[in-house]
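Asker:
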Amino acid sequence: MQLTRRSVFLTIFGLFEHRMVDCLALMDDLSSKTTDKTRKTIEDCHKRLKRNFGGKSIKDVDHLAVIRNIMAHSDGVAEDYKTLSCKKTKKTEYEKPLLRAIPRAMAENAGVSINMFNDILMDDRFLMYAVGEFERYVNELNTAVRTYQSRLT
1 MQLTRRSVFL TIFGLFEHRM VDCLALMDDL SSKTTDKTRK TIEDCHKRLK
51 RNFGGKSIKD VDHLAVIRNI MAHSDGVAED YKTLSCKKTK KTEYEKPLLR
101 AIPRAMAENA GVSINMFNDI LMDDRFLMYA VGEFERYVNE LNTAVRTYQS
151 RLT
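According to the UniProt record's numbering, the sequence shown is numbered sequentially starting from 1.
Encoded structure:
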């Protein structure tokens, strides 16, 4: 069942990211800004939303991006997560998002857990949670862009 959930999540996330990159292009056009990168991401879209479209209060979906990367690139294993979560020294730029993502998903009752082998497990709540987060984000982005656009006319 984990493999099925992982496959569905990766597919949904990929579609969401593709649409958010399209939204970034629209926001770049509306704001006369340029996102000068070949591989644009959801994070780039969120930065533009915050900087130019009044989206400072909109919660990101970075935790889902981190979980997606773990699923896609590390076979669902959050390498050294248990060790890193106890680490007393300064966290690296790679470690910080990882150490925020999983606790956020757990705190939001997303249906995510991590076992003693650092495997990220998704229960039957996770996909509905992810879709709900994407829907929330799209609605808030849509409102911000429409508000910005109405001020231009």
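Ideal Cβ placement from N, Cα and C applies to all residues, glycine included.
(1) With DSSP as the reference, please indicate the residues paired to H119 in a beta bridge.
(2) Assuming Y129 and A110 make a contact with CB atoms under 8 Å, what is their CB distance in whole Å?
(3) Is DSSP giving S32 helix, strand or coil here?
(4) Go ahead and label A107 buried or exposed: buried means 16 or more other beta carbons lie within 10 angstroms of its beta carbon, across all protein chains shown.
(5) May I ask you to report which of helix, strand or coil DSSP gives V131?
(6) Are M71 and L49 closer than 8 Å when you measure CB to CB?
Answerer: Taking the geometry as given:
(1) Just to set this straight, residue 119 is Asp in the shown sequence, not His. According to DSSP, which records beta bridges pairwise, D119 is partnered with V77.
(2) So it is a contact: roughly 4 Å between Cβ atoms.
(3) Reduced to three states, the DSSP call for S32 is coil.
(4) Result: exposed.
(5) It is helical.
(6) In this structure, M71 keeps its C-beta atom at 8 Å or more from the C-beta atom of L49.
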